[in-house]
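Okay, so here's the structure we're looking at.
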Amino acid sequence: MTKTILFVLTGQAELGDTGARTGVWLEELATPYRALDRAGHEIMFATPGGVPAPLDPASLEEPWLLPAGHWLLGQPAAMAKLEAPLDLAAIDPARIDAIFLVGGTGTLWDFPACRPLGALATALHAQGKPVAAICHGVVGLMTATAADGSPLVAGKAITCFSNAEEAMLEYDKLVPLLAETALAGQGADYRCAAPFEPLVVADGGLITGQNPASAEPLAAALIERLG
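So the sequence shown is numbered by UniProt numbering: it starts at 1 and just counts up by one.
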């Protein structure tokens, strides 16, 4: 049966005040998109405020540009959705069967305090629908809450881009927060693999992936959960 999955993307194109560009990490978008598309599911894009979703230029270059990325760049319909995504605040959770928070360093600016994103994740989780996120995108769960009002991630096993990975890329001094530190600070049971090795952690309806290498197994876990 066809399901509708909302991909939530960053609209942040500036890497703080460095003058460098950031945005959505292509591999973390492309591999799940291709897998879900081939499984027959419908995919919608949304950003905070409905602004265009920029692709991180670094993710368009070797060695980060992989076959799924090449494939997505050749899909006109998908590329058009990046330019005209929906506004998160206008999304009715009853319309979607799952939510997927796509990674990219830009998410560290516009996801953590995004109340519409937290409200969507809260509503879907309460309805027993899958809530998936990868890499930096997991910080979009920071405004989501459990039934008792506590942080949704509190006591939940999750993963995200690790502090060690940030330090290896020398991003740890450039970003406004570290995903691992922020989520652990909300009481998450943080798990991680070695830097840049794949890891997917599922805890109830929450499915999280550590990094770009986790995109394929995360997509498989989400498809299995959708049934």
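Think of the CB as a built atom: it goes at the ideal place given N, C-alpha and C, for glycine as much as any other residue. Since we're looking at a predicted model, the values are computed, not measured.
Going by DSSP in three states, Thr18 sits in which element: helix, strand or coil? coil
Classify Lys173: buried if its beta carbon has 16 or more other beta carbons within 10 angstroms, exposed otherwise. exposed
Tell me the rounded alpha-carbon separation between Ala213 and Phe196. 6 Å
Does DSSP put Glu42 in a helix, a strand or coil? Glu42: strand per DSSP, three-state reduction.
What are the start and end residues of the alpha helix (DSSP H) that includes Thr159? It is not in any alpha helix (DSSP H) - Thr159 carries neither H nor E in the DSSP assignment.
Distance CB(Thr105)-CB(His136) smaller than 7 Å: Going by C-beta atoms, Thr105 is nearer than 7 Å to His136.
If we count the other Cβ atoms within 10 Å of its Cβ and call it buried at 16 or more, is Met168 buried or exposed? exposed
Pull up the CB-CB distance for Leu120 and Leu88, whole angstroms please, since I reckon it's below 8 Å. 7 Å
With a floor of 4 residues, list each alpha helix (DSSP H) that falls wholly inside the segment 56-133, ordered by position along the chain. Counting only runs of at least 4 residues, the segment 56-133 fully encloses the following alpha helix (DSSP H) elements, listed from N- to C-terminal order: 67-73, 76-83, 107-110, 115-126.
Tell me which residues share the same chain as Lys156 and place their Cβ nearer than 8 Å to its Cβ, disregarding the 5 neighbours each side in the sequence. Ala188, Asp189, Asp203, Gly204, Leu206
Under DSSP, the alpha helix (DSSP H) around Leu222 begins and ends at which residues? 215-226
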